[in-house]
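In my numbering, the protein residues as written are -15 to 348.
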């Protein structure tokens, strides 16, 4: 079967993956309400089509921090792609580069920063960070990213610890033998490989290594150690958006971590406009969470996002088809976006503003 929707990619992945790995990828915090609400929220923003518009040459390309992308999209940072496919992040890097998409590499990638860069030398790559207690390890990663031509840093700020994910607790999830975070010393990640009944190795590891005392004042330390653009990921409020600008952030990612941190937060689609309105117009705002169709990319741009990051669906493609499967997911999103632009009578991203969206429907 050739998958024609992201949901069909997901079905193929679920059929291939062990249940415990599927639960790790798909699971979220608490009742998983926020994870479900993320996808639903995009669909509540209805599109207002225009007619008798020349749509013979639609263009969804864009530029982000000097890099040209084939569409306003990228791969969200996700750990341990090797759980989905043996080629891990190297396969994802090849897929993203071939599709003209941004790749945000997780601090917990299973391949080294250098291996990922070598797998797709023409690709656009950023590095995602958690604030570790070991600051020297953090500084060393930043230096390596600069040397390997990563173009920006994305600091996740909504994770003083990993959220309470019931699927992982029930499964006593831990990393299988041979699965490691290739860019960190073993002593910094060993806890993720150990779990007991009713406990998650991933959550215990975060308690050991993430620094819960970090504040806005600490950003100056990271700023002094890099000339790369610094984006903060996990911002959902105007108050924090303004503080981010005050503390020198070069961009923001509106995100609730795919529902995997605090359950009950606003869906990303609902928080996006508030954050966009709180920052200067030239400051790039990205978004992630629940995007499941190319039309969702159009909605994100209309609400003010410069680009959107896609998470779980890329792992679905990777799981059932390796690099080709991950690329098929990204290509499908771009095709759906172009189809949306044509049928909405808005042939360029510049034509997408809040006037392209109708009031939310009470029926969806």
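For each residue, glycine too, the CB sits at the ideal point set by N, CA and C.
Other residues of its chain near residue i: CB distance less than 7 Å, five sequence neighbours each side excluded
i	result
residue 347	Note that residue 347 scores 46 on pLDDT, short of 50, meaning its location in the model is unreliable and no value can be drawn from it.
residue 349	Only positions -15 to 348 of the chain appear in the structure, and residue 349 is not among them; the question remains open.
residue 23	274 and 276
Spatially closest choice to residue i from the options, by CA coordinates
i	options	result
residue 330	279, 57 and -11	279
residue 117	129, 135, 202 and 151	202
residue 27	34, 284 and 297	284
residue 59	233, 49 and 90	90
residue 47	55, 168 and 224	55
residue 336	33, 137, -8 and -7	33
residue 333	292, 9, 162 and 343	292
residue 167	95, 225 and 233	95
residue 263	182, 251 and 289	289
residue 141	299, 35, 306 and 240	240
residue 36	252, 328, 157 and 179	328
residue 124	210, 218, 294 and 276	210
residue 12	273, 164 and 322	273
residue 216	44, 270 and 42	270
residue -11	343, 338 and 309	309
residue 338	261, 307, 218 and 163	261
residue 207	127, 160 and 249	127
residue -9	316, 139 and 322	316
residue 70	307, -14 and 193	307
residue 62	325, 103 and 242	242
residue 86	311, 322, 320 and 325	311
Contacting residues, own chain, Cβ-Cβ under 6 Å from residue i (five flanking each side not counted)
i	result
residue 14	247
residue 231	200 and 203
residue 258	222
residue 115	195 and 198
residue 255	220 and 238
residue 29	283 and 341
residue 1	303
residue 299	9 and 68
Residue i, DSSP secondary structure in three states
i	result
residue 26	helix
residue 205	helix
residue 16	coil
residue 46	strand
residue 6	helix
residue 318	helix
residue 211	coil
residue 220	coil
residue 115	coil
residue 340	helix
residue 1	coil
residue 31	strand
residue -14	coil
residue 197	coil
residue 41	coil
residue 333	helix
Beta-carbon contacts of residue i that lie in its chain and below 8 Å, excluding the five residues immediately before and after
i	result
residue 5	67 and 68
residue 134	89, 97, 101, 109, 110, 111 and 212
residue -6	296, 297 and 300
Fill in: Complete alpha helix (DSSP H) runs within the segment 258 to 310 (minimum length 4 residues, chain order)
278 to 286
Discussion item. Three Cβ pairs or more, each shorter than 8 Å: is that satisfied between the segment 146 to 154 and the segment 118 to 134?
Written reply: no
Practice prompt. Any chance you could list the beta strand (DSSP E) runs of at least 3 consecutive residues sitting entirely within the segment 132 to 186, in chain order?
Written response: 137 to 140
Worksheet item: Is the segment 94 to 113 in contact with the segment 69 to 82, if contact means three or more CB pairs nearer than 8 Å?
Response: yes
Worksheet entry | Ordered list of beta strand (DSSP E) runs contained in the segment 43 to 92, each at least 3 residues | 46 to 48, 51 to 53, 57 to 59 and 86 to 89
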